[in-house]
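Novice:
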Amino acid sequence: MKQFFKYVIQKNTLKKSIQIALLVGTILALINHAGAIFNWNLNATMIFQIVLDYFVPFGVASYSAAMELIYANHVEKREKNDI
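Positions 2 to 84 (this note's numbering) are the ones given, in order, by the sequence shown.
1) Short of 6 Å in beta carbon distance, which residues of its chain neighbour Ala-30, apart from the five on each side in sequence? Order them along the chain.
2) Where does Gln-4 sit, in a helix, a strand or coil, going by DSSP?
3) For the alpha helix (DSSP H) that contains Gln-20, what are its first and last residues?
4) Spell out whether any CB of chain E is found under 8 Å from the CB atom of Lys-78.
5) Identify whether Leu-43 lies in helix, strand or coil by the three-state DSSP scheme.
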């Protein structure tokens with residue numbers, strides 16, 4: 002678990018995850034709440050849902066990046082031991 006969070010907080014992982022979250026989150030927010038956004042007719046529930054529209058892709062991107070780095074590290078160690 003320590004290794005997972007070590008990879009999640011790396012600068013490159015955070016930067017890419019934020020970029021993905023901004024792109025995907027904006028698309029999701031517009032798909033799900035375009036009418037309310039453009040009419041400035043947002044309530045607390047919608048704002049919470051929009052926040053989740055950004056957090057979910059951030060979490061998925063961070064998790065995927067960290068797991069890929071863990072896997073690559075594991076493969077690299079295995080290859081060194083096989084030589």
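The C-beta atom is built at its ideal place from N, Cα and C for all residues, glycine as well.
As the structure is a prediction and not an experimental result, all values here were calculated from the model.
Specialist: The relevant details are as follows:
1) Ile-51 and Asp-54
2) helix
3) 12-39
4) The question asks about chain E, but that chain is absent: this structure has only one protein chain.
5) coil
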